[in-house]
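Just below is one structure, and these are the notes that go with it.
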Ligand code: PRP
Ligand code: MN
Ligand code: MG
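Numbering (the UniProt record's numbering), first residue to last: 1 to 193.
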């Protein structure tokens with residue numbers, strides 16, 4: 001698996017340092033609030049969510065949603081649907097949506113409006129990576145919600161730290177660029193996160 005990586009973009013140490021900084025900011029912003037719900041977007045956000053919440057010094061609820069927009073391949077179909085909804089009731093609660101990457105923005109835009117319609121009093125987004133160069137959809141935070149991001153990602157197909165290609169590579173502890181020969185020849189696969 002390591003041999004499939006052309007180049008490492010962020011090492012394990014760089015990731016962990018950046019998560020400490022993000023957590024420090026969240027600690028300031030949420031310390032005085034009622035416990036927020038941190039909502040991970042399965043599956044990609046699982047690794048980041050687990051590392052992030054363990055750095056927080058205030059109580060949080062944790063929940064997950066699942067959104068279907070990419071199939072087994074890599075093309076976004078542009079209209080994500082929520083295939084597994086929250087377990088917790090978000091009405092009147094502060095929500096922090098946790099993502100591994102915001103790419104076109106379709107997934108997060110769909111989720112922000114979903115949470116707003118369920119009556120969340122604020123919706124923030126905390127994404128490990130942000131790839132603004134590929135944005136197709138704009139989205140606004142709800143209430144006093146803020147947008148937090150770990151790193152701005154250049155337009156490469158990246159894997160690791162939760163992010164997959166064809167459901168593999170999620171458990172790499174760093175973020176890397178996949179060698180083209182690893183996805184070449186797989187029908188329908190044009191790597192895009
Ligand atoms: C990936 C990633 C984000 C989304 C970002 O998830 O984890 O959730 O795509 O893309 P967008 O901004 O263009 O919508 P994916 O649908 O591949 O599911 P996964 O998390 O299970 O890999
Ligand atoms: Mn995802
Ligand atoms: Mg994926």
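No residue lacks a Cβ here, since even glycine has one placed at the ideal position from N, Cα and C.
### Task
Using the Cα positions of residue 31 and residue 147, report the straight-line distance between them to the nearest angstrom.
The residue you call residue 31 lines up with position 31 of the chain shown. The residue you call residue 147 lines up with position 147 of the chain shown. Using only the alpha carbons, I get a separation of about 17 Å.
### Query
Between 37, 8, 6 and 11, which lies nearest to residue 126 when the distance is taken from Cα to Cα?
Within the chain shown, residue 126 is the residue found at index 126, counting from 1. Selected option, being the one with the closest Cα: 37.
### Alpha-carbon spacing of residue 8 relative to residue 173, whole angstroms
In the chain shown, the residue the question calls residue 8 occupies position 8. In the chain shown, the residue the question calls residue 173 occupies position 173. Taking the straight line from one Cα to the other gives about 11 Å.
### Query
In the structure shown, what three-state DSSP assignment does residue 60 receive?
By one-based count along the chain shown, residue 60 stands at place 60. The answer is coil: DSSP assigns residue 60 none of H, G, I, E or B.
### Task
Examine the ligand MG and report whether any of its heavy atoms sits within less than 8 Å of the Cβ of residue 4.
Counting from one through the chain shown, the residue named residue 4 turns up at place 4. Checking the Cβ of residue 4 against the ligand MG gives no.
### Message
Taking 8 Å as the cut-off, does the region 113-129 touch the region 78-95 (at least 3 CB pairs, one atom from each stretch)?
### Response
yes
### Task
Pull up the distance between the alpha-carbon of residue 150 and that of residue 163, whole angstroms please.
Here the question's residue 150 lines up with position 150 in the chain shown. Here the question's residue 163 lines up with position 163 in the chain shown. Their backbone Cα atoms lie some 14 Å apart in a straight line.
### Message
Could you tell me the alpha carbon to alpha carbon distance between residue 23 and residue 124, rounded to whole angstroms?
### Response
Walking along the chain shown from the start, residue 23 turns up at place 23. Walking along the chain shown from the start, residue 124 turns up at place 124. Cα to Cα, the separation comes out at about 14 Å.
### Task
Report all residues from its chain with a CB closer than 7 Å to the CB of residue 114; omit the five preceding and five following residues, and keep chain order.
Translated into the one-based positions of the chain shown, residue 114 becomes position 114. These residues qualify, in order along the chain: 82.
### Query
In three-state DSSP terms, what is residue 147?
Counted from its first residue, the chain shown places residue 147 at position 147. Strand.
### Task
Consult DSSP for residue 226 and reduce its assignment to one of helix, strand or coil.
A question about residue 226 goes unanswered here, because the residues of the chain that appear run from 1 up to 193.
### Task
Name the one or two DSSP bridge partners that residue 130 has.
Taking the first residue of the chain shown as 1, we reach residue 130 at position 130. Residue 130 pairs with 102 and 152.
### Query
Nearest to residue 68 by CA position, among 43, 90 and 57, is which residue?
In the chain shown, the residue the question calls residue 68 occupies position 68. Checking every option, the nearest Cα to that of residue 68 belongs to 43.
### Task
May I ask which residues mark the beginning and end of the beta strand (DSSP E) holding residue 7?
On the chain shown, position 7 is the one that residue 7 refers to. First-last of the beta strand (DSSP E) with residue 7: 5-10.
### Query
How is residue 117 classed by DSSP in three states: helix, strand or coil?
Looking up residue 117 in the chain shown gives position 117. If DSSP states are grouped into helix, strand and coil, residue 117 belongs with the helices.
#### Entry: Exposure of residue 142, with buried meaning 16 or more beta-carbon neighbours within 10 Å
Within the chain shown, residue 142 is the residue found at index 142, counting from 1. Buried: at least 16 other Cβ atoms inside 10 Å.
### Message
For residue 159, tell me which candidate among 29, 45 and 79 has the shortest Cα-Cα distance.
### Response
For this step, residue 159 is matched to residue 159 along the chain shown. With distances taken between Cα atoms, residue 159 lies closest to 45.
### Message
residue 112 and residue 97 - do their beta-carbons sit closer together than 9 Å?
### Response
Counted from its first residue, the chain shown places residue 97 at position 97. Counted from its first residue, the chain shown places residue 112 at position 112. Cβ distance < 9 Å, so residue 97 and residue 112 count as in contact.
### Query
How many Å lie between residue 52 and residue 102 at the Cα?
Working through the chain shown from its first residue, we reach residue 52 at position 52. Working through the chain shown from its first residue, we reach residue 102 at position 102. Their Cα atoms are separated by approximately 17 Å.
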